[in-house]
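With this note's numbering applied, the sequence shown corresponds to residues 14 to 190, in that order. The beta carbon of each residue, even a glycine, is placed where N, CA and C say it ideally should be. This structure is a prediction, so every number in the text was calculated from the model and none was measured. Working notes, structure below.
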Amino acid sequence: MEENTALFVMDMQAPMLAMYPDIMGFVPNVKKAIAHARSKKIPVIYVVIGFRPGAPEATAAMRDRFGKMNMEEWVKILPELAPQEGEITITKRRVSAFTGSDLEVVLRATGIKHMILTGIATSGVVLSTACEASDKDYRISVLSDCCADPDPETHKLLTTKFFTRRGTVLTVDEWCK
């Protein structure tokens, strides 16, 4: 087992992924990363964005979109990536996995110091979480082919230039070796 390490599967909610059908090709890679983590007894932590009924914690613009939404349906993770019994799901209220969630409490309680990040969008949850985690002195690894962004150029820039300054960037195959 990689000591003090967890794999993060972020914003892989079925309704959210449905908004980006052109970039679904990375899902098998995330599935492979999850299987590898489980085989090595590395915790898999899921992160979803969700709100209370009426979305009181959302901005006015977000409340218009999410306030009437069925949150139980919205937070459902893509079935082929879904958590197993006992795996933790963190609900966040903004872009970063830390914002409005109990993630930091969970990390401290479980001794996690190394976060391996996957998710959608590279320029959203992955970027925001990597920056905040780095500022909080967590080690960061990003699985470049387990992230996707509606803008392929932004994804490439972040995975080849930006994230390498905050941590390590690997492919799922490199991580699974």
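Inset, instruction - Measure the C-alpha to C-alpha separation of A71 and A95 and round it to an integer number of angstroms. - result: Taking C-alpha positions only, A71 is separated from A95 by approximately 26 Å.
Legend entry - Beta carbon of L91 nearer than 8 Å to that of A50: No, Cβ-Cβ distance for L91 and A50 is not below 8 Å.
Inset, instruction - Within the same chain, show all residues whose beta-carbon is closer than 8 Å to that of M14, passing over the 5 residues directly before and after it, in chain order. - result: A caution first: M14 carries a pLDDT of 49, below 50, which makes its placement in the model unreliable, though a value can still be read off. Take M14, set aside five residues on each side of it, and the residues of its chain with a beta-carbon closer than 8 Å to its own are K53, K54, I55, in chain order.
Inset, instruction - Evaluate A31 with the Cβ neighbour count: other Cβ atoms within 10 Å of its Cβ, from every protein chain shown; 16 or more gives buried, anything less gives exposed. - result: With fewer than 16 neighbouring CB atoms inside 10 Å of its own CB, A31 falls in the exposed class.
Inset, instruction - Can you tell me which of the three DSSP states R152 falls into? - result: In this structure, R152 counts as strand in the three-state DSSP scheme.
Legend entry - Close beta carbons around T172, own chain, < 8 Å, minus the five adjacent residues each side: Cβ neighbours of T172 beyond the five flanking positions: T135, V155, S157, C160, V182.
Inset, instruction - Note down, in chain order, each residue of its chain lying with its Cβ closer than 7 Å to the Cβ of M37, except the 5 sequence neighbours on either side. - result: Same-chain partners within the cutoff: L30.
Inset, instruction - Measure from the alpha carbon of F64 to the alpha carbon of each residue in W188, V139, I47, N83, then state which is nearest. - result: From the listed residues W188, V139, I47, N83, the smallest Cα separation to F64 is found for N83.
Inset, instruction - Report the residue ranges of all alpha helix (DSSP H) runs contained in full by the region 89 to 144; include only those spanning at least 4 residues, in chain order. - result: As far as the region 89 to 144 is concerned, its whole alpha helix (DSSP H) runs of at least 4 residues are 116 to 123.
Legend entry - Helix, strand or coil at T173 [DSSP, three-state]: T173 carries a helical assignment under DSSP once its states are collapsed to helix, strand and coil.
Inset, instruction - Reducing DSSP to helix, strand and coil, say where F64 ends up. - result: It is coil, neither helix nor strand.
Inset, instruction - Work out the CA separation of M23 and T177 for me, nearest whole Å. - result: CA-CA distance, T177 to M23, rounds to 19 Å.
Inset, instruction - Assuming E145 and F175 form a contact by the criterion Cβ under 8 Å, report the distance between their Cβ atoms to the nearest whole angstrom. - result: Contact between E145 and F175 does not hold, since the beta-carbon distance rounds to 14 Å and is not under 8 Å.
Legend entry - Alpha-carbon to alpha-carbon, R152 and E16: One C-alpha to the other measures close to 12 Å.
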